[in-house]
Amino acid sequence: MRASNGISLRTGAAFLRNEFYNMSIYRVSFWLNFIYTFLMMYSVGYVWRALYAANPSVAGVPLPQMISYAVLGVALEAILHPRNGPQRYIMEQVRKGTIEMDIMKPIDFQFYMLAKNMGGISVRFLFLVLPSLIAAFFLFSLELPSLPAFLGFLCSLVFSVIVSFFLNFILGLLSMVTMNIRNINWGYNALLRFFSGQMVPLWIFPSALGVISDILPFRCIYSIPMSIYIGNYAGLDMLGALGIQFAWILVLWLASRLLMKRVFTRVMIQGG
Amino acid sequence: MRNIRLYGQFIRVAVLGKVQYKADFLVGIVSVLILNAVNLSLIGILVYNFNTLGNWNIWDLLFLYSFWMLSRGIYGVFFWHLSDLEEMIVSGTFDAYLVRPASPFLQFIGKDISYTGVGDFLVGVLGFILAAAQIGLHWHIGQWVYFAICVLSGALIQVAINWIGASLCFWTTRSNAAMYITERFTVLMQQYPVNIFGRYFQIFVTCFLPVAFINYYPSVVLLGKAAEVQLWQYGAPVVAFLLLAIAAFIWSKGVKRYAGTGN
Chain F
0 MRASNGISLR TGAAFLRNEF YNMSIYRVSF WLNFIYTFLM MYSVGYVWRA LYAANPSVAG
60 VPLPQMISYA VLGVALEAIL HPRNGPQRYI MEQVRKGTIE MDIMKPIDFQ FYMLAKNMGG
120 ISVRFLFLVL PSLIAAFFLF SLELPSLPAF LGFLCSLVFS VIVSFFLNFI LGLLSMVTMN
180 IRNINWGYNA LLRFFSGQMV PLWIFPSALG VISDILPFRC IYSIPMSIYI GNYAGLDMLG
240 ALGIQFAWIL VLWLASRLLM KRVFTRVMIQ GG
Chain Y
0 MRNIRLYGQF IRVAVLGKVQ YKADFLVGIV SVLILNAVNL SLIGILVYNF NTLGNWNIWD
60 LLFLYSFWML SRGIYGVFFW HLSDLEEMIV SGTFDAYLVR PASPFLQFIG KDISYTGVGD
120 FLVGVLGFIL AAAQIGLHWH IGQWVYFAIC VLSGALIQVA INWIGASLCF WTTRSNAAMY
180 ITERFTVLMQ QYPVNIFGRY FQIFVTCFLP VAFINYYPSV VLLGKAAEVQ LWQYGAPVVA
240 FLLLAIAAFI WSKGVKRYAG TGN
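Quick mapping for you: the protein sequence lines, in order, are chains F and Y. The end of the first sequence is residue 271 by numbering that gives the first Met the number 0, with every number in the run present. The end of the second sequence is residue 262 by numbering that gives the first Met the number 0, with every number in the run present.
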């Protein structure tokens, strides 16, 4: 086990390097992404300002915090949007008929996908999320969170990346069965957009919808880390929220392992 | 005249190609409806909590959104595949259009239609009827005509913006990233009244990327949202015409350049 951990780490580092090279090829699209993130941050900030101007006390948090929340929602999209997940790669391999090669590699398929995915996400975090957040911090004079909130946020963000990976991975597995992922992806995007609290915070949802969003795992992806950042979950609430994320990670990990086993048997029987 | 007949033929073939996949058609429409429901509900939840956005209430916002959907539907059905150009250039399939005795643009535009636009248009019609009833619109015939012209202009503005975006790949071979980002930005802009975004943004989406003429200015005029409507705010058809002219110019430059280098 220990030896294999060493190999895993080195494999992971190799993927990280690889992704970095991949991304540095598309410099133009990097800058476009940066400009886009910026325009979006700027405009969501204005939407909230306009809403607060009419009715400052409805949302439950003061305007500067609401703007921090909204700006984070835009910035984190660079790593949490489903298009960064492994499902597109899996689908492509299925279509080309080369998925067998990936499955037969002497490394667990899920770990392989995770390492590959984390490589891309770390690079995007360092070069897209971080710079735009720093720029936003000065330009929109955002407030800094307290130290515990900040640490909680970092921890929660790692969890949300993992939850998002598992959900995307499950979509990828489904694509091996359905052979077409476009519509599934579309539905998933819509659900995520609505119930994750990315654009509109879940605490202002009407109560019935609020209950649904509590049951679903999507709030682990945006709402929980962002709420921790602005101090909406503090102390025990924060630990509870982190616990919910962790529980979802376990559930999704188990579900994806089971599903992977079933799908692979099926793929093997079909013979690709 | 020959071109129109030819385009008619192309579209007929494209439609016949699409109707083979009935399930795909239905799923496509349903996913567009869901996506729109999500967008509208999110705005709905915001306005439900805050009552108004600027001086726009929920029905005004529905009107704005439906206006956009009507024009987006028209654009989407016939021009959604403008973004395929990048792949055709990269893979070299576009070259086939250059050797055939018909305009490359006609062939490219006639190669496909998209039914996501049908879903958008449906949402537009339903939303418009609902909003019109709630706002209590009593337009005279001139306003209806202006409304129809503006919906069409809005569609053409979207065609022109995407046409320009796609044409860029004659120079850069990659254009989809830029098109995608413009699209996402436009989507956000069209859902809210532009005046809430501050002066600089308003200048940007009026003069440089004139997406405010797709639905915002026509809605301002038709709903009487400005204390005093200025003449240029009626300008959507003019903007559409100018943009189309620019797009056609860039495209023809691009095709010439592409054919010239002999790729």
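Cβ atoms here follow ideal geometry from the backbone N, Cα and C, with glycine treated the same way.
Check for me: the alpha helix (DSSP H) holding residue i runs from which residue to which?
i	result
Y:N35	K21 to F49
F:K115	F108 to R123
Y:E227	Element bounds for Y:E227: n/a, residue is neither H nor E.
F:P130	L129 to L138
Y:G7	R1 to V18
Y:Y96	D94 to V98
F:Y51	R26 to A53
Whose Cβ in chain F lies nearer than 8 Å to the Cβ of residue i?
i	result
Y:A176	Y25, V27, S28, L31 and N32
Y:R183	Y35 and M39
Y:L52	V46, A49, L50 and A53
Y:V238	Per Cβ cutoff of 8 Å: no residues; Y:V238 is ~21 Å from chain F at best.
Whose CA, out of the options, lies closest to the CA of residue i?
i	options	result
F:F19	F:G209, F:L125, F:K95 and F:L172	F:L125
F:L8	F:K115, F:I227 and F:N188	F:K115
F:G11	F:Y51, F:D107 and F:L208	F:D107
F:G72	F:V122, F:E91, F:F37 and F:S174	F:F37
Y:I108	Y:S82, Y:A132, Y:I128 and Y:L129	Y:S82
F:L191	F:S145, F:Y41, F:Y232 and F:I211	F:I211
Y:V60	Y:A130, Y:I249 and Y:F77	In the sequence under discussion, the amino acid at residue 60 of chain Y is Leu, which differs from the Val named in the question. If we check each option's Cα against that of Y:L60, Y:A130 comes out closest.
F:M39	Y:L187, Y:V228 and Y:A239	Y:L187
Y:G153	Y:L208, Y:T171 and Y:F104	Y:L208
Y:V37	F:N188, F:P85 and F:G44	F:N188
Y:I245	Y:R1, Y:W67 and Y:I160	Y:I160
F:G119	F:L138, F:L141, F:D101 and F:P81	F:P81
Y:P103	Y:S70, Y:H137, Y:V76 and Y:L5	Y:L5
Y:R256	Y:Q106, Y:H137, Y:C168 and Y:Y64	Y:C168
F:I78	F:I98, F:S121, F:V266 and F:A52	F:S121
F:P216	F:I248, F:I98, F:V93 and F:L170	F:I248
Can you pull the chain F neighbours of residue i, defined as C-beta to C-beta under 7 Å?
i	result
Y:S30	N182, W185 and G186
Y:L45	L50 and V199
Y:I163	Within chain F, no residue comes near Y:I163; the closest Cβ sits about 15 Å away, beyond 7 Å.
CA-CA distance, residue i and residue j?
i	j	result
F:A2	F:F136	Note that F:A2 scores 44 on pLDDT, short of 50, meaning its location in the model is unreliable; the coordinates nonetheless yield the value given after this. Spanning the two alpha carbons is a distance of roughly 43 Å.
Y:G234	Y:K224	16 Å
F:M117	F:L251	17 Å
Y:V218	F:V27	The sequence given here places Ser at residue 218 of chain Y; Val does not occur at that position. Whole-angstrom Cα-Cα distance: 36 Å.
F:I203	Y:S113	36 Å
F:M225	F:S131	16 Å
Y:C206	F:G242	50 Å
Y:V210	Y:V122	20 Å
F:M175	Y:I202	48 Å
F:G271	F:L172	Its pLDDT being 48, under 50, F:G271 is placed unreliably by the model, and nothing is read from it.
Y:N262	Y:M68	The predicted position of Y:N262 is uncertain, since its pLDDT is 47 and thus under 50; a value taken from the coordinates is nonetheless stated next. Between Y:N262 and Y:M68, the C-alpha separation is close to 38 Å.
Y:F49	Y:S30	29 Å
F:L253	F:A148	30 Å
F:L15	F:V162	20 Å
F:F70	F:P61	The amino acid at residue 70 of chain F is misidentified as Phe; the sequence shows Val. Taking the straight line from one Cα to the other gives about 15 Å.
Y:Y20	F:Q197	35 Å
F:P105	F:M112	13 Å
F:V46	F:S56	16 Å
F:S195	Y:L41	12 Å
I need the DSSP call for residue i, collapsed to helix, strand or coil.
i	result
F:L71	helix
F:A2	Here F:A2 scores only 44 on pLDDT, less than 50, and its place in the model is too uncertain to base an answer on.
Y:W138	coil
F:L215	coil
Y:L221	helix
F:L141	coil
F:L257	helix
Y:L281	As shown, chain Y starts at 0 and ends at 262. That puts residue 281 of chain Y outside it, with no answer to give.
F:E99	helix
Y:L52	strand
Y:R173	coil
Y:I213	coil
Y:N262	With a pLDDT of only 47 at Y:N262, under the threshold of 50, the placement of this residue in the model should not be trusted, and no figure is reported.
Residue i touches chain Y at which residues, Cβ-Cβ below 9 Å?
i	result
F:A302	Since the displayed chain F opens at 0 and closes at 271, residue 302 of chain F lies outside it and no answer follows.
F:R192	L34, V37, N38 and L41
F:A58	N48 and F49
F:S131	Residues of chain Y passing the Cβ test: none, with the nearest at roughly 14 Å.
What does residue i touch in chain Y if you count any residue whose Cβ is under 8 Å from its own?
i	result
F:S163	Residues of chain Y passing the Cβ test: none, with the nearest at roughly 18 Å.
F:M198	L41
Just the chain F side, please: which residues come within less than 9 Å of residue i by C-beta, in chain order?
i	result
Y:V210	Within chain F, no residue comes near Y:V210; the closest Cβ sits about 12 Å away, beyond 9 Å.
Y:A167	The displayed chain sequence assigns Leu, not Ala, to residue 167 of chain Y. What Y:L167 touches in chain F: nothing, since even the nearest Cβ is about 11 Å away.
Taking C-beta pairs closer than 7 Å, name the residues in chain Y that residue i reaches, listed in chain order.
i	result
F:A189	I33, L34 and V37
F:A69	Under the 7 Å cutoff, chain Y gives no residues; its nearest Cβ is about 11 Å from F:A69.
F:S255	By Cβ distance, chain Y contributes nothing, its closest Cβ being about 24 Å from F:S255, past 7 Å.
F:F204	I44
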